[in-house]
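Take 52 as the starting number for the sequence shown in the working numbering and just add one per residue. Built from N, CA and C at the ideal position, the CB exists for glycine as well.
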Amino acid sequence: MERKGRARGRERAPLRKHRRRRIIKRWPAEQPGTIGWCATVRKLGVSVEPTDEPHDLHADGDSWEDVDPHAFYLGLEDSPAEHVVSYMLLAYHVPEYASLMYVVHKWEEAGRSLKEWLVAAYAWMIDQGDDRHREAALYSLWVDYFEVPKRASFVFPRLWRRLWRRDELLAASGPVPWEHKRAAYQEAARDPELHSSLARGLVGSFHDAFGQVDPVEARELYRAITIEDDEVRAALESVLFTPTRWRVVALITVDVGDPRWRKWVPEDVGPSFLVELAAVDRPRWVHRSDLLHGERWLGSLMHWAFPFDEGIGHQREEVPHEGAPPILFRVEGYAGAVRDVLGEVVDAWPPGLGPRDEERRPTAR
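This is the structure:
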């Protein structure tokens, strides 16, 4: 039998080896513009010299102080690394948020090494920069990274491990998802020097518009630390031990089968409807807060300022209301129970913190 194979005398083509770019996970925190820093960024494929002036980076101005960060345009052809490195160099010379706000524009395009380098760059600004560097970096982290869960999950734990000046990072960490800051908070609770900043971080976790918190674990941390600032202690106690009081202004039941409703509401949730609530005291909200009338459970507050499309089929029941405009919430619970308390004042407790929390939920009506 004739054996099939490659033709006699034909050599097998050599395998071509593709060199894979090495991911660098640990970058030194170098002062921007120094020889060491320039050598480091070359590993990202960016060529910068210590003697570079603004015009070398296509920026208008004879000196860095003359550069307007909003006019610091690099061009669409620049790589993510060139973009990020250039703006971080600008932030060193012009330390304000306007210099940093454009860095995050390339986050989604950035590879792992560039993201790790960026964490090191922020670490230098916080640990070794002056007060202006530190203030700009912390604000940028708060609004550009910590308020976006996926970015926060990458940046916060790495910064926490790198920094020795951790106090202000803790204080700004309110929006960071709880699972990504739990270990840092527990570590801070064991260090009395960090108790003040941890308390501020807990306040932000509850009160920040994008705050992320496990209320029961937060209460345990509160009890484990010493808080000397009366205002911070009062802010925590107000949310841990007292409910937010709301007046029920309107109940809106909707056609839950409408695709426009399902755009915002997962398929697997329980009974869901909308409620307009007017704050009796200072308005605040924690995701999944339990709505109570006395000890009767009405539902869980799932979405503050729900973007309701009035074109969806719905029925509105309301009572007269004067004063500040009410806030529209999506609620998972029992519409009939809410209908019974229209016009009345109800309490909203963070999940797990209310009275008789484990006993109060009734069966559906």
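- Around Ala250, the same chain offers Ile278, Val283 as residues with beta carbons nearer than 6 Å, after the five sequence neighbours per side are excluded.
- In this model, Trp336 and Trp312 are separated by some 22 Å (Cα to Cα).
- If you draw a straight line from the Cα of Tyr273 to the Cα of Gly84, it is about 43 Å long.
- Its chain contains Val326, Leu328, Val389, Val392, Leu393, Gly394, Glu395, Val397 as the residues whose beta carbon lies nearer than 7 Å to that of Val299, once the 5 sequence neighbours on both sides are disregarded; these appear in chain order.
- With 16 or more other Cβ atoms from the protein chains shown falling within 10 Å of its own Cβ, Ser224 counts as buried.
- Exclusion of the five residues before and after Gly405 leaves Pro294, Asp341, Leu343, Asp398, Arg411 as the residues of its chain whose Cβ lies within less than 8 Å of its Cβ.
- Within the same chain, Cβ atoms closer than 8 Å to the Cβ of Val316 are found at Val307, Ser323, Arg381, the five residues on either side in sequence being excluded.
- Distance from the CA atom of Gly364 to the CA atom of Asp218, rounded to whole angstroms, is 50 Å.
- Membership of Arg313 in the alpha helix (DSSP H) is indicated by the continuous run 310-313.
- In this structure, the straight-line span from the alpha carbon of Glu368 to that of Glu361 is close to 14 Å.
- One alpha carbon belongs to Met176, the other to Glu373, and they sit about 49 Å apart.
- Within the same chain, Cβ atoms closer than 7 Å to the Cβ of Phe207 are found at Phe197, Ser224, Val227, His231, Lys232, the five residues on either side in sequence being excluded.
- Cα atoms of Ile75 and Asp281: separation of roughly 45 Å, rounded to the nearest angstrom.
- Every unbroken stretch of the beta strand (DSSP E) spanning 3 or more residues and falling wholly within the stretch 344-368 is given here in chain order: 347-355.
- Glu160 and Arg347 have their C-alpha atoms roughly 50 Å apart.
- DSSP places Leu287 inside the alpha helix (DSSP H), whose first and last residues are 281-291.
- The Cβ atoms of Tyr143 and Ala187 lie no closer than 7 Å to each other.
- The C-beta distance from Leu287 to Leu245 rounds to 16 Å, too long to meet the 8 Å contact threshold.
- Annotation for Pro200: Pro228 place their beta carbon closer than 7 Å to its own, counting only its chain and skipping 5 residues before and after.
- Among the bridge pairs identified by DSSP, Ser340 is matched with Leu352.
- Here the C-alpha atom of Ala234 lies approximately 11 Å from the C-alpha atom of Arg241.
- Closest in C-alpha terms to Lys157, from the list Arg202, Gly255, Pro334, comes Arg202.
- Rounded to the nearest angstrom, the gap between the Cα atoms of Phe205 and Leu352 is 29 Å.
- In this structure, the CA atom of Pro266 is about 28 Å from the CA atom of Phe359.
- Distances from the alpha-carbon of Val118 to those of Val136, Leu140, Ala285 put Leu140 closest.
- Taking the CA atoms as reference points, Asp319 sits about 35 Å from Lys166.
- In the three-state reduction of the DSSP assignment, Trp115 falls in the helix class, which pools H, G and I.
- The DSSP-derived three-state label of Ala235 is helix.
- Here Val155 really is in contact with Asp195; their C-beta atoms are around 4 Å apart, less than 8 Å.
- Here DSSP, grouped into helix, strand and coil, assigns Asp178 to helix.
- Arg163 sits exposed, since fewer than 16 C-beta atoms from the chains shown fall within 10 Å of its C-beta.
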